[in-house]
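S.K.: Before anything else, here's the structure in question.
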Amino acid sequence: MKISRISAFQVDLPLREGSYCWSGGKSVDVFDSTVVRVETDEGLVGHGEVCPLGPSYLPAYGSGARTGIGELAPHLLGADPTQLACLNDTMDRALKGHPYVKSAIDIACWDLLGQHCGQPVCHLLGGRYGEDFTLYRAISQEAPDAMASRVATYREEGYRRFQLKVGGDPEIDIERIGAVAALLQPGDKLIADANTGWLPHEAARVVRAVRDIDVYIEQPCLSYDECLSIRRRTDHPFVLDESIDGIDMLLRGHADCAMDIVNLKISKLGGLTKTALARDICQQMGIAMTLEDSWGGDIVTAAIAHLAHSTRPEFLFTATDFNSYVTVDLARGAPQRNAGRLAATTAPGLGVQPYDEVLGKPLVEIS
Ligand code: MG
3 MKISRISAFQ VDLPLREGSY CWSGGKSVDV FDSTVVRVET DEGLVGHGEV CPLGPSYLPA
63 YGSGARTGIG ELAPHLLGAD PTQLACLNDT MDRALKGHPY VKSAIDIACW DLLGQHCGQP
123 VCHLLGGRYG EDFTLYRAIS QEAPDAMASR VATYREEGYR RFQLKVGGDP EIDIERIGAV
183 AALLQPGDKL IADANTGWLP HEAARVVRAV RDIDVYIEQP CLSYDECLSI RRRTDHPFVL
243 DESIDGIDML LRGHADCAMD IVNLKISKLG GLTKTALARD ICQQMGIAMT LEDSWGGDIV
303 TAAIAHLAHS TRPEFLFTAT DFNSYVTVDL ARGAPQRNAG RLAATTAPGL GVQPYDEVLG
363 KPLVEIS
């Protein structure tokens, strides 16, 4: 089987809540998502998606994804999409860096491999553990009482894990964590995710002030070394996210005992192939994971579901169902949250079929 055409489509994904706000006053109302279609000479068609969290979160942005796909596509025509390691090697030799550009293409080729084998992607990634897996809900940064109110609502919808967007004024962040912690019940988990937003002296104040609250601290500061300094002066369970952008940083973090949990985002690492490698290393090293992406719609949610469902349950801290955060349905067959939990679909490949009317005309088409 050979790749005969690669197309990229732009889709706006407005947020159900209106906007999503996190550290440093950053905010997004409508996400700029890119869907990739990979067609083959045997008639099979695979789909992938990449959706940066706006242009100022990670080094990634929507039109950059589409430009990069146009740059890579000519190098991939004629390649076998089911040979994922060879395909990734070709992408890495043709374009240095830019993992998010490669992510949607890699996901589309996993979709093709699954269809070719007649197996859901989660089987090819190791197998399906149990019936479903647990999700977390990200709570956009607002006033403490507003965030507590959101948590109460999402708790009623079945979520039991809540990731608060902090990383603002430390005194208000301390209030945010306290207000939400007061609502929680046994079995709930609370994560305070600063998304790199605190300076070390601010992070030090927050972790000391919430010392007696059962809360996970995620990526308090911008650099790895700053985060490590906070890690070494707190006994809260500790999550690294933005700093862990590849296998090198994962191994360094493990060697330094810098985290208990890592947040692996599919596009941050460059696709399902590379994220599955990081996932398998974490399972060997005893590091639990949040498995997700920077953002996305139905196709990203399907990819997350296959990765999460094929992860040993004791290592899966939590995962995300981005398609329930946005108002646009991209594809039929996508997994849907049920009582705070999600399951990968059982159809071959990713199990999703994008709606042509939502995709519109391709902005990139190489054949
Ligand atoms: Mg995070």
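Residue 15 in the working numbering sits at position 13 of the sequence shown, and the numbers go up by one each step. Even for Gly, the Cβ is constructed at its ideal location relative to N, Cα and C.
What does the shell around the ligand MG hold, if a residue joins when its beta-carbon is under 6 Å from any heavy atom?
M.R.: Every residue passing the under-6 Å Cβ criterion appears here: D195, N197, E220, Q221, D243 and N265.
S.K.: Taking just the CA atoms, how far does A10 sit from V103?
M.R.: Spanning the two alpha carbons is a distance of roughly 11 Å.
S.K.: Starting from S105, follow the alpha helix (DSSP H) in both directions and report where the run begins and ends.
M.R.: Note, S105: alpha helix (DSSP H), P101 to C119.
S.K.: If you reduce the DSSP assignment to three classes, tell me which class Y371 lands in.
M.R.: Lying outside 3 to 369, the shown extent of the chain, residue 371 is not represented and no answer is given.
S.K.: Any chance the segment 71-89 sits against the segment 53-60, with 3 or more Cβ pairs inside 8 Å?
M.R.: Because the criterion of three Cβ pairs below 8 Å is not met, the segment 71-89 and the segment 53-60 do not touch.
S.K.: Quick check on this structure: which residue in H311, G299, P76 and A304 has the alpha carbon closest to the alpha carbon of V360?
M.R.: For the residues H311, G299, P76 and A304, the minimum Cα distance to V360 belongs to G299.
S.K.: Rounded to the nearest angstrom, how far is the Cβ of M287 from that of T313, given a contact under 8 Å?
M.R.: Not a contact, Cβ separation roughly 14 Å.
S.K.: Would you mind reading off the limits of the beta strand (DSSP E) that contains I193?
M.R.: Element bounds for I193: K191 to D195.
S.K.: Use the C-beta contact count for H203: other C-beta atoms within 10 angstroms, 16 or more gives buried, fewer gives exposed.
M.R.: Result: exposed.
S.K.: Quick one: which unbroken alpha helix (DSSP H) runs of 4-plus residues sit fully inside the segment 269-310? Chain order, please.
M.R.: Those alpha helix (DSSP H) runs which fall completely within the segment 269-310 and span 4+ residues are 274-287.
S.K.: Rounded to a whole number of angstroms, what is the C-alpha to C-alpha distance between A181 and P146?
M.R.: So the two alpha carbons sit approximately 6 Å from each other.
S.K.: Nearest-angstrom Cα distance between D250 and K276?
M.R.: So the alpha carbons of these two residues sit roughly 12 Å apart.
S.K.: Could you tell me the distance, in whole angstroms, from the CA atom of A321 to the CA atom of A305?
M.R.: Each residue's alpha carbon lies about 11 Å from the other.
S.K.: Are the CB atoms of L274 and M261 within a distance shorter than 8 Å?
M.R.: Result no, Cβ atoms of M261 and L274 do not sit closer than 8 Å.
S.K.: Under 8 Å between the Cβ atoms of H308 and A345?
M.R.: No, Cβ-Cβ distance for H308 and A345 is not below 8 Å.
S.K.: Report the residue from T347, I301 and P356 whose alpha carbon sits nearest the alpha carbon of C124.
M.R.: Nearest of T347, I301 and P356 to C124, Cα basis: T347.
S.K.: Determine which residues share a DSSP beta bridge with H49 and list them.
M.R.: In the DSSP output, where bridge partners are listed per residue, H49 has R39.
S.K.: Output the boundary residues of the alpha helix (DSSP H) element that contains N265.
M.R.: Segment I263 to K267 is the beta strand (DSSP E) holding N265; no alpha helix (DSSP H) there.
S.K.: Using a Cβ-Cβ distance cut-off of 8 Å, determine whether E177 contacts chain D.
M.R.: Among the chains in the structure shown there is no chain D, since it carries only a single protein chain.
S.K.: According to DSSP, simplified to helix, strand and coil, what is L253?
M.R.: In this structure, L253 counts as helix in the three-state DSSP scheme.
S.K.: May I have the straight-line CA-CA distance separating R39 from A148, to the nearest angstrom?
M.R.: Using only the alpha carbons, I get a separation of about 40 Å.
S.K.: Whole-angstrom Cβ separation of L253 and I246, contact assumed at under 8 Å?
M.R.: The Cβ separation is near 10 Å, so there is no contact.
S.K.: Residue range of the alpha helix (DSSP H) that Y226 falls in?
M.R.: Residues Y226 to R233.
S.K.: Measure the alpha-carbon distance for L97 versus T42 and round it to whole angstroms.
M.R.: The straight-line gap from Cα to Cα measures roughly 22 Å.
S.K.: Leaving out five residues on either side along the sequence, give the residues of the same chain with a beta carbon under 7 Å from the beta carbon of A154.
M.R.: Cβ neighbours of A154 beyond the five flanking positions: L185.
S.K.: Going by DSSP, which residues form a beta bridge with N340?
M.R.: R343, per the DSSP bridge assignment.
S.K.: Exposed or buried, which one is S105 when buried takes at least 16 other CB atoms within 10 Å?
M.R.: By the neighbour-count rule (16 or more Cβ atoms within 10 Å), S105 is buried.
S.K.: Can you have a look at R267 and say buried or exposed, based on whether 16 or more other CB atoms are within 10 angstroms of its CB?
M.R.: Note that residue 267 corresponds to Lys in the displayed sequence, not to Arg. By the 10 Å Cβ count, K267 comes out buried.
S.K.: Counting only the same chain and skipping the five closest in sequence on each side, list residues whose C-beta sits under 6 Å from that of L78.
M.R.: The answer, listed in chain order, is I5.
S.K.: Is C23 helix, strand or coil by DSSP?
M.R.: Note: C23 maps to strand in three-state DSSP.
S.K.: Find the nearest neighbour of Y376 within the set W297, Y357 and A205, judged by alpha-carbon distance.
M.R.: As shown, the chain starts at 3 and ends at 369. That puts residue 376 outside it, with no answer to give.
S.K.: In whole angstroms, what is the alpha-carbon distance linking Q187 and N197?
M.R.: Each residue's alpha carbon lies about 25 Å from the other.
S.K.: Could you check whether P57 and K270 sit closer than 8 Å to each other, using their CB atoms as the reference points?
M.R.: For K270 and P57, no; Cβs fall outside 8 Å.
S.K.: Could you check whether Q143 and P116 sit closer than 8 Å to each other, using their CB atoms as the reference points?
M.R.: The sequence as given places Gly at residue 116; Pro does not occur at that position. No, these two residues do not count as a Cβ contact at 8 Å.
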